[in-house]
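I have placed the structure first, in the form of structure tokens, so that the comments after it can refer back to it.
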Amino acid sequence: MLDARQLEALNAVIEHGGFGPAAKALSITLAAVSLRIKSLEEHLGQRLLVRGKTVRATAAGQALLAHVKQLQMMEADLLAGLQGGGEPRADAAWQSLSVAINADSVASWFLPGVAPLLQRHRLLLEIVIDDQDHTHDALKSGDVIGCVTTLAQPMRGCVAEPLGVMRYRCVAAPAVVQRCRTPRGAVSPHRLLAQPAIIFNRKDALQDAFLAQHFGLKQPNYPRHFAPAVDAFETAIELGLGWGMVPEQHLARRPGLQEMLPGATVDVVLYWQHWAREPLSAQRLTQAVKAAAHASLPPVQTG
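Just so you know, we're using this note's numbering here: the sequence shown kicks off at -7 and counts up by one.
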């Protein structure tokens, strides 16, 4: 059997970023936190934390942290059930759920789709923003209970369910589009590469995917602006600072943008990866996420 106090100490060390902050959060001494972690490691016969300037969990520690989160959620669900079944009381405690999502999904379909559930069942979301090709790292480490990802293969202990397709179009301000065209009106890849691209962050590969799919260019060099916020990213394109990839769902609110290559898209297939064994609150979130995506995104084509 695992000691609940030792698991609580492990979780606090990672959640608060160190032994000192964990001791303060748990209202115990630093020595007590260290002893609980040491005892847990000795009981399991392996290291759970890598100690240094920053404390991080080992693979075994990550697995235990995921277990702790599941226990916390199951306990909260049990208490809610004992206190009245389906609907939480107005004074019921709020329950937290952590998820990892790409910024475009958060800004378009995700939050509107899950907002009624959060309000009805007194759920709090901690959203970790990352590129859709990397959100699964947070699920693997145990930091979140689910993620919107491009990874179709279920990770160990998880389920991957198709959500739909985020369709991106290459757009720019009209003046930038005009600079990229030849006198005959065709888009010149050489002229396009001479213009800066607006990129969300250094993990963002949509521009390279567009150039590879529609111009056959592999890892070309071109100037880049980085704007890691959806509004700032799209505003930079609107201001004529460069060209970029914008979801179709966002274009209606940016009427000043013009397609660089009309009809050319980059489709990103999204999946919801989550624990195979979910507490009730996580199950409800999974259902809300799937319903929101299916209502807003084109379906994934199979076969």
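Just so it is clear, CB atoms sit at the ideal spot from N, CA and C, and this is done for glycine as well.
Residue i to residue j span [Cα, whole Å]
i: residue 114; j: residue 36; result: 36 Å
i: residue 222; j: residue 62; result: 32 Å
i: residue 54; j: residue 92; result: 16 Å
i: residue 210; j: residue 189; result: 16 Å
i: residue 286; j: residue 155; result: 6 Å
i: residue 60; j: residue 238; result: 38 Å
i: residue 171; j: residue 181; result: 11 Å
i: residue 90; j: residue 186; result: 41 Å
i: residue 232; j: residue 165; result: 5 Å
i: residue 16; j: residue 122; result: 30 Å
i: residue 249; j: residue 99; result: 18 Å
In DSSP terms, what residue i is bridged to
i: residue 296; result: Outside the shown range of the chain, which is -7 to 295, sits residue 296, and nothing can be said about it.
i: residue 217; result: 190
i: residue 49; result: 41
i: residue 87; result: 115
i: residue 164; result: 250
i: residue 257; result: 161
Beta-carbon spacing of residue i, residue j below 8 Å
i: residue 260; j: residue 120; result: no
i: residue 97; j: residue 140; result: yes
i: residue 68; j: residue 273; result: yes
i: residue 283; j: residue 101; result: no
i: residue 18; j: residue 33; result: no
i: residue 159; j: residue 257; result: yes
i: residue 47; j: residue 10; result: yes
Closest Cα partner of residue i within the set the options
i: residue 163; options: 143, 179, 101, 33; result: 179
i: residue 265; options: 185, 196, 229, 125; result: 125
i: residue 292; options: 94, 263, 205; result: 263
i: residue -4; options: 43, 51, 50, 56; result: 56
Close beta carbons around residue i, own chain, < 7 Å, minus the five adjacent residues each side
i: residue 225; result: 190, 192, 219, 236
Own chain residues within Cβ distance below 8 Å of residue i, not counting five before or after
i: residue 88; result: 115, 116, 117, 118
CB contact check: residue i to chain C, cutoff 8 Å
i: residue 196; result: As a matter of chain content, chain C is missing from the structure shown, which is built from one protein chain.
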